[in-house]
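The C-terminal position of the sequence shown is numbered 525 in the numbering used here, with every residue numbered one higher than the one before it. Ideal Cβ placement from N, Cα and C applies to all residues, glycine included.
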Amino acid sequence: MKDLIANFYELWGGAYLGAFSDQMFNNDLYFIIALYSILVALVLTIAYYYIIDRPGTAKLSIWAINLFVGGIISAIIAYVSANNDLTEIFAQVGSEIPASFSSDMIMFALINAMWTIFLMLLLSFVFKWKSPNSSFVPF
387 MKDLIANFYE
397 LWGGAYLGAF
407 SDQMFNNDLY
417 FIIALYSILV
427 ALVLTIAYYY
437 IIDRPGTAKL
447 SIWAINLFVG
457 GIISAIIAYV
467 SANNDLTEIF
477 AQVGSEIPAS
487 FSSDMIMFAL
497 INAMWTIFLM
507 LLLSFVFKWK
517 SPNSSFVPF
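Following this line, the structure appears as structure tokens:
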């Protein structure tokens with residue numbers, strides 16, 4: 387499971403970020419961030435189709451904003467979690483996070499946002515059918 391999640395985040399080697407990816411993989415940091423992202427996607431998708439389901443919100447633009455918000459939330463979670471966990475790991479051995487990890491964390495956060503938006507799109511196909519007003523959104 388650890389390898390599968392790492393492959394998703396590293397885009398099967400296309401976004402391998404060297405020492406940053408090694409630290410994330412070796413310390414099992416990908417898994418917890420993936421769980422948070424799945425939870426965000428699930429909660430926001432269910433909220434759109436069943437809680438804020440009104441004729442006024444049954445629009446492609448509102449759905450797209452929901453996806454965008456999900457991507458932003460998951461990107462923030464990924465960046466903050468990676469930064470905090472890696473800071474703690476490096477502090478335990480008495481060193482500081484390498485400067486290159488800053489841009490790597492931003493790249494990781496963007497990849498996490500992309501996967502969350504993709505998952506929300508897939509979940510939309512699952513949950514939209516029982517929605518009284520938004521069953522035609524996005525298609």
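Name the two residues that bound the continuous alpha helix (DSSP H) containing residue 474. Per DSSP, residue 474 belongs to the alpha helix (DSSP H) from 446-478.
Go ahead and label residue 489 buried or exposed: buried means 16 or more other beta carbons lie within 10 angstroms of its beta carbon, across all protein chains shown. A residue is called buried once 16 or more other Cβ atoms fall within 10 Å of its Cβ, and residue 489, having fewer, is exposed.
Could you tell me the distance, in whole angstroms, from the CA atom of residue 413 to the CA atom of residue 434? Near 35 Å, if we compare the C-alpha coordinates of residue 434 and residue 413.
Do you know how far the Cα of residue 436 is from the Cα of residue 519? The straight-line gap from Cα to Cα measures roughly 9 Å.
Counting Cβ pairs closer than 8 Å, one from the segment 468-476 and one from the segment 508-515, do we hit at least three? Remark: fewer than three beta-carbon pairs, one from each stretch, lie closer than 8 Å, so the segment 468-476 and the segment 508-515 are not flagged as touching.
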